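> Under this note's numbering, the residues of the sequence shown are numbered 1 to 305, in order. For every residue, glycine included, the Cβ atom is placed at its ideal position computed from N, Cα and C. Since this is a predicted model, take the numbers as computed values, not measurements.
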Amino acid sequence: MVAFVVSFGLVDLLGADPQDATAALRTPPAVFLSAVGGYLLIAAAMAWLNTRLSLRRLSSQEGLPPRALRRHHLLAVATGVWLAAGLAGVLLTGYGRWLVEDLHLSGVPLVPKLLAVAPFLAALEFVWLLDYPYYRAVRRRIWAGRDDAPCWSPAEYLDYNTRHHVLFIAVPVSLIVLGVDLLALGAPVLDRALPAPAGQMVQAAGSFAVAGAVFLLSPLLIVRVWRTERLPDGPLRARLQDTCARLGLHVRDLRVWRSGGQIVNAAVMGLAAPVRYVLLTDALLEYLDERGVEAVFAHEAGHIV
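If you want it as structure tokens, here you go:
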């Protein structure tokens, strides 16, 4: 998630303004397309090497050795650093200028920024796909001895990571960028209608208002980006609603967070009651009784009330 935010920021700094330093570069498309290819190959090579080394360490030891897990994490962090830094290099080759000027997208809200970050998103999907054998090996170690151990398929693994590590951030951020871009299109009108400082202040205030509105309403987006559904009526729902009443916690809905039985977790999200949700994962509901679920929920609710 951090790498995605950094990458979006790099796009804004290096790839969206035809007057910036990248505009001076007039490299042919073959150059930056080759840079994109090299960027993807290096990301894939780093992920493949991390998975290969991690599987080798796991195969030589019993259980889940902490040292092997730490090494995998460090190499994964290094890969994330490359994803952000490599994208900056791609943009500096002239890819960002090409999107804005040669494709005539300078006046189109949001689209050039999404296209500029597309190599990062593609690289991320490659990294997750290559990391899947390691994920599967770890899950098998965790659930050793169980024939029915839950484990995502490669498609499910990509879907979960995309929803929870990309769309979770990308959808709200994209809405903010879209709003700011639309306000920027109206800047000439404001400049003509208002004195110079006033027009800029109105645009800045509008940008802050858009960001604040998206932030407050983001739970409405997240429950749709993540796979959630209404917690069915029954004793558990009634019990949790009673707990909410005792704690003075007002929520919009209680929802089941579908993870394919992989994640044991709960969350309360939303600053304002009309957009506040309680999320309980399917695995939490499967492995804990009602008293256990209520205890986990009360702990999460304590962060709000």
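CB A116 to CB Y132, shorter than 8 Å?
Not closer than 8 Å, so no.
> Between G292 and the rest of its own chain, which residues show a CB-CB distance below 8 Å, the 5 nearest in sequence each way excluded?
none
> Determine, using beta-carbon pairs with one atom in the region 202–211 and one in the region 260–270, whether at least three such pairs fall under 8 Å.
no
> Taking its Cβ as the centre, do 16 or more other Cβ atoms sit within 10 Å of R224, making it buried, or is it exposed?
Counting Cβ neighbours within 10 Å, R224 comes out exposed, since fewer than 16 surround it.
> Could you tell me the boundaries of the alpha helix (DSSP H) in which E156 lies?
Per DSSP, the unbroken alpha helix (DSSP H) holding E156 starts and ends at 154–162.
> Select from L254, S34, S60 the residue whose C-alpha is nearest the C-alpha of P367.
Residue coverage of the chain in this structure runs from 1 to 305, which leaves residue 367 outside it and unanswerable.
> Going straight from the alpha carbon of G199 to that of A170, what length do you get?
29 Å
> Since T79 is in the beta strand (DSSP E), which residue starts that stretch and which ends it?
Counting along the chain, T79 falls outside any beta strand (DSSP E), though it belongs to the alpha helix (DSSP H) covering 66–90.
> Measuring alpha carbon to alpha carbon, tell me which of F215, W257, V81 ends up nearest V127.
V81
> Tell me the DSSP secondary structure of V268 in three-state form.
strand
> Taking the C-alpha atoms as reference points, what is the distance between A76 and R70?
10 Å
> Please identify the residue among E229, L249, R67, E62 whose C-alpha is closest to the C-alpha of H303.
L249
> D282 bridges to which residues according to DSSP?
Paired residues: none, contrary to the question.
> Report yes or no: do the region 34–42 and the region 81–91 share at least 3 C-beta pairs separated by less than 8 Å?
yes
> Taking all protein chains shown into account, do 16 or more other C-beta atoms lie within 10 angstroms of the C-beta of P112, making it buried, or fewer, making it exposed?
The residue is buried, with at least 16 neighbouring Cβ atoms inside 10 Å.
> Following the continuous alpha helix (DSSP H) through R56, name the residue where it begins and the one where it ends.
It spans 29–59 - the alpha helix (DSSP H) in which R56 sits, taken as one unbroken run.
> Roughly how many angstroms lie between the CA atoms of H299 and V305, to the nearest whole one?
Spanning the alpha carbons of H299 and V305 requires a straight line of approximately 10 Å.
> Grab the span of the alpha helix (DSSP H) containing R130 for me, first residue to last.
Correcting the residue type first, residue 130 is Leu in the shown sequence and not Arg. L130 -> alpha helix (DSSP H) spans 111–142.
> Do you know whose CA, among T281, V202, Q262, lies nearest R140's CA?
That would be Q262, whose Cα lies nearest to the Cα of R140.
> Taking the CB atoms as reference points, tell me whether L175 and Q203 lie closer together than 8 Å.
no
> Quick check on the DSSP output: the beta strand (DSSP E) that includes D253 runs from which residue to which?
253–257
> Among the residues of its own chain, which have a CB less than 8 Å from the CB of Y39, if the five just before and after it don't count?
G86, L87, G89, V90, P119, A123
> Take Y157 as the anchor and find which of G234, R136, V251 has the nearest alpha-carbon.
R136
> Whole-angstrom Cβ separation of V296 and L284, contact assumed at under 8 Å?
7 Å
> Confirm, please, whether the CB-CB distance from P66 to R57 is below 8 Å.
no
> Considering only the beta carbon of each residue, do Y134 and T79 sit closer than 8 Å?
It is not a contact, given that the beta carbons lie outside the stated cut-off.
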